[in-house]
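Asker: This is the structure I want to talk about, given as structure tokens.
In the numbering used here, the protein residues as written are 3 to 787.
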């Protein structure tokens, strides 16, 4: 182990050392129209045929031997410019890029250099620009980040309207969803129909499916990194949209003599208001709506220090006399500090709270019969991230993270006959810490590497109880509690530690093609308990404990990337294989809600996911878009289930095809279409039935798991966008968006279940349930001034 560590750190800190005098050029690159820092701008040095990219805050640094150089700055959708730099001393060079008026007439698929997909070390990484999302057809005409990324290879959902998304065979809890670096535990509004991210406030969206850098951790499947806008630093700006189901309003402007800027964005649905006149007496007072508020401010104290404060607050409400509500709240405070022209710090402190509540008959005071139930998970964290730029061939990242969790699995109050009784579970506590280091190294013009190591340490803490359970049975039955031990506040109940190595390589085969490979090990200490087909807002998050080990995953990926016709077409083929450890399943008739011994209802095993992803994209021109196809398999092997044999996971989809086409007819009209086709998800059905007192009782004789599949799903959507000359009163700009969701009226099955026949209970029947069963047209008006 010592030899391996020595070799690793030798590689990490070995770069070309020259006696020649060197100087550094560094600075920020921003959008001239609003002052926003641009992420991933390519800075290419012609003389050395190498370069770098801006970080998530628009900062870059290049160290070169003394001399004169031409820096070529490229960013899709912006003018390409060349800056001549005389490096006879360190140079501070801030640049503002202008929109390319010609490219603005075209839809931009990604904001990056044209051949970046071939030459960049990243693989299994996808981006969709917000401008592209705004052109894609969407449910009820509303732009949605989560729904948009489901058109990418390797990304699926368990069905239309389902909450969250699945990546390369991982569950929705295995995706780390970040909003300005704070985790979002439930990313959906309205039971999965819309995401919590207001597109008017989003600046950048990045999905990492493999080759995950060492600065990320905590989940075993993917990272969805969403960055908010910083606010227009040039002038006040008001924008928004009025749609069929909700409206959006955003305001941004500079402040403090242009040293800072802010943005606030509001969104609220109004289904409840539109439906109110049509509700009968039984439904009077029913509320079903969601809202969210997003805000961010930044202040540049001086050239070395910039501060950011951002927050998200959103909630869904559903029901009347009996109903429930759920929501997220996040707050992030970040400090950017430039120690010198080679060392950059981003220090983040964040708070995240996801909670839900159930209640019944609470409108009247002194009600004799009522019920209240609430649950939440709260996260506090501090995360310093350093970036060191020693030279043009190496970029070193290092840092750490300390996270404190508080889990409230459920607290309830039941009132019956005026008598109040409190029931519920004790709070749970945990601390997760991590340190990491990594390096992106260019060996030569054809070979580049990215390697790193992360170590995570987890501690399950008191005050709390530790349950000792009986030995696991081979038939998957519930275990019994044999002993309960109490732990005082702050005492360690169980501790886990994991090394998480990361590696990626890019081997250039020519100007426009390359081979990439990557490996990563990931550890996850939080678990989502859900035994339903799709997750719901009432699912329970629980920490690793003495009975629940952390989930681990090893993923290996190999890809071929090739561009055609001067980067007009980008193509890639990626193979991946993922092994999963300590995967959770459930005993028959598991009780997951308000169960003090829920750990006894859990089963454990392993998983595997493997597949091949094809991706073809046309990134520029009047007609553009992409086609993605994934052939994949996701399986589980759980002790005590399916006769201890491998079986398909409930999120397994063998085939998944997605097509996105966008056509810019002229400056006013844009037309777009989406098409999806996917294999149905696995399901467990009865193999026989018993007749008892003239009722049919379905039964699975062989106890097989997920041996059948529901029918395949496919859907076509269309949209047309018309730009208007003005928004209101000859000011600003506007656009009308006309969309048709589910054009040919397909009733895609969300699930198939078996029930007794309504007229003859001695017979059973399979029922196909569809969330959408009709064409859904919509009109939305967007404006900006």
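Cβ atoms here follow ideal geometry from the backbone N, Cα and C, with glycine treated the same way.
Note that this is a predicted model, so its numbers are computed, not measured.
Check whether the segment 714–721 and the segment 732–749 touch, using three or more Cβ-Cβ pairs below 8 Å as the test.
Answerer: Yes, the segment 714–721 touches the segment 732–749.
Asker: Using the Cβ count rule (16 or more neighbours within 10 Å means buried), how would you classify residue 760?
Answerer: Under this definition residue 760 is an exposed residue.
Asker: Considering only C-alpha positions, which residue in the set 755, 775 and 774 is nearest to residue 767?
Answerer: When each option's Cα is compared against that of residue 767, the closest is 755.
Asker: Which first and last residues belong to the alpha helix (DSSP H) in which residue 430 is found?
Answerer: Note, residue 430: premise wrong, no alpha helix (DSSP H); beta strand (DSSP E) at 430–444.
Asker: To the nearest angstrom, how far is the alpha carbon of residue 254 from that of residue 36?
Answerer: Near 10 Å, if we compare the C-alpha coordinates of residue 36 and residue 254.
Asker: Counting along the chain, where does the beta strand (DSSP E) carrying residue 134 start and finish?
Answerer: First-last for residue 134: 132–135, but that is the alpha helix (DSSP H), not the beta strand (DSSP E).
Asker: In terms of alpha-carbon separation, which member of 439, 169 and 235 lies closest to residue 215?
Answerer: For residue 215, the nearest C-alpha among the options comes from 439.
Asker: Is the Cβ-Cβ distance between residue 52 and residue 28 less than 7 Å?
Answerer: No; because the gap between Cβ atoms is not below 7 Å, this pair is not in contact.
Asker: Do three or more CB pairs link the segment 505–522 to the segment 538–546 at distances below 8 Å?
Answerer: Short answer: they don't touch.
Asker: Cα separation between residue 565 and residue 235?
Answerer: Whole-angstrom Cα-Cα distance: 37 Å.
Asker: Go through its chain and collect everything with a Cβ distance to residue 724's Cβ below 7 Å, but skip five positions before and after it.
Answerer: Correct list, in chain order: 670, 671, 737 and 738.
Asker: Short of 6 Å in beta carbon distance, which residues of its chain neighbour residue 579, apart from the five on each side in sequence? Order them along the chain.
Answerer: So the qualifying residues of the chain are 558 and 612.
Asker: Please return the same chain residues whose Cβ sits closer than 6 Å to the Cβ of residue 351, not counting the five positions on each side in sequence.
Answerer: Within the same chain, residue 351 has close Cβ partners 335 and 384.
Asker: Does residue 751 pass the burial test, meaning 16 or more other C-beta atoms within 10 Å, or should it be called exposed?
Answerer: Classification of residue 751: buried, given that the 10 Å Cβ count is 16 or more.
Asker: How big is the Cα-Cα spacing for residue 631 and residue 696?
Answerer: Roughly 49 Å between the two C-alpha positions.
Asker: Does residue 770 come out as helix, strand or coil in the three-state DSSP assignment?
Answerer: Reduced to three states, the DSSP call for residue 770 is strand.
Asker: I believe residue 468 touches residue 437 by the beta-carbon criterion, under 8 Å. Please report the beta-carbon distance rounded to the nearest angstrom.
Answerer: Contact doesn't hold; Cβ gap of about 28 Å is too wide.
Asker: Could you check if residue 769 is buried or exposed, using at least 16 other CB atoms within 10 Å of its CB as the buried criterion?
Answerer: Per the 10 Å Cβ criterion, exposed.
Asker: Given a cut-off of 7 Å on the beta-carbon distance, is the pair residue 178 and residue 229 in contact?
Answerer: Taking 7 Å as the Cβ cut-off, residue 178 and residue 229 do not qualify as a contacting pair.
Asker: Given a threshold of 16 other Cβ atoms within 10 Å of its Cβ, counted over all protein chains shown, does residue 425 qualify as buried or as exposed?
Answerer: Counting Cβ neighbours within 10 Å, residue 425 comes out exposed, since fewer than 16 surround it.
Asker: Could you tell me the distance, in whole angstroms, from the CA atom of residue 780 to the CA atom of residue 196?
Answerer: In a straight line, the C-alpha of residue 780 is about 15 Å away from that of residue 196.
Asker: Indicate whether the contact test is met: 3 or more Cβ pairs, each with one atom in the segment 703–710 and one in the segment 180–191, closer than 8 Å.
Answerer: Output reads no: the segment 180–191 does not touch the segment 703–710.
Asker: In angstroms with no decimal places, state the Cα-to-Cα distance between residue 551 and residue 605.
Answerer: The straight-line gap from Cα to Cα measures roughly 11 Å.
Asker: Looking at the structure shown, is residue 646 part of a helix, part of a strand, or coil, going by DSSP?
Answerer: Helix.
Asker: Would you please state the rounded distance, in angstroms, between the beta carbons of residue 87 and residue 95? I believe it to be under 8 Å.
Answerer: With a Cβ gap of about 7 Å, residue 87 and residue 95 count as contacting.
Asker: Specify the secondary structure class of residue 201 as computed by DSSP and reduced to three states.
Answerer: In the structure shown, residue 201 sits in a helix (DSSP, three-state: H, G or I).
Asker: Taking residue 708 as part of the beta strand (DSSP E), name the residues at either end of that continuous run.
Answerer: It is not in any beta strand (DSSP E) - residue 708 carries neither H nor E in the DSSP assignment.
Asker: Going along the chain, which residues of its own chain have a beta-carbon closer than 8 Å to the beta-carbon of residue 529, five neighbours each way excluded?
Answerer: Hits under 8 Å: 175, 543, 544, 545, 546, 550, 553 and 586.
Asker: Considering only residues of the same chain and omitting the five flanking positions on each side of residue 747, which have a CB-CB separation below 7 Å?
Answerer: 776 and 777.
Asker: Which of the three DSSP states is assigned to residue 235 in this structure?
Answerer: The answer is coil: DSSP assigns residue 235 none of H, G, I, E or B.
Asker: Quick check: the segment 54–73 against the segment 389–407, are there 3 or more CB pairs under 8 Å?
Answerer: Yes, since at least three Cβ pairs between the segment 54–73 and the segment 389–407 fall closer than 8 Å, the two stretches touch.
Asker: Any idea if residue 782 is buried or exposed, counting beta-carbon neighbours within 10 angstroms, 16 or more meaning buried?
Answerer: The residue is buried, with at least 16 neighbouring Cβ atoms inside 10 Å.
Asker: Span of the alpha helix (DSSP H) holding residue 744?
Answerer: Per DSSP, residue 744 belongs to no alpha helix (DSSP H) and is neither H nor E.
Asker: Which same chain residues end up closer than 6 Å to residue 146 when comparing Cβ atoms and leaving out the 5 residues on each side of it in sequence?
Answerer: Excluding sequence neighbours, residue 146 sits near 140, 196 and 197.
Asker: Using C-beta distances below 6 Å, list every residue in its chain close to residue 677, excluding the 5 sequence neighbours before and after it, in chain order.
Answerer: Result list for residue 677: 661 and 718, in chain order.
Asker: When you compare the CB positions of residue 656 and residue 681, do they come within less than 7 Å of one another, or not?
Answerer: Yes. Within cutoff.
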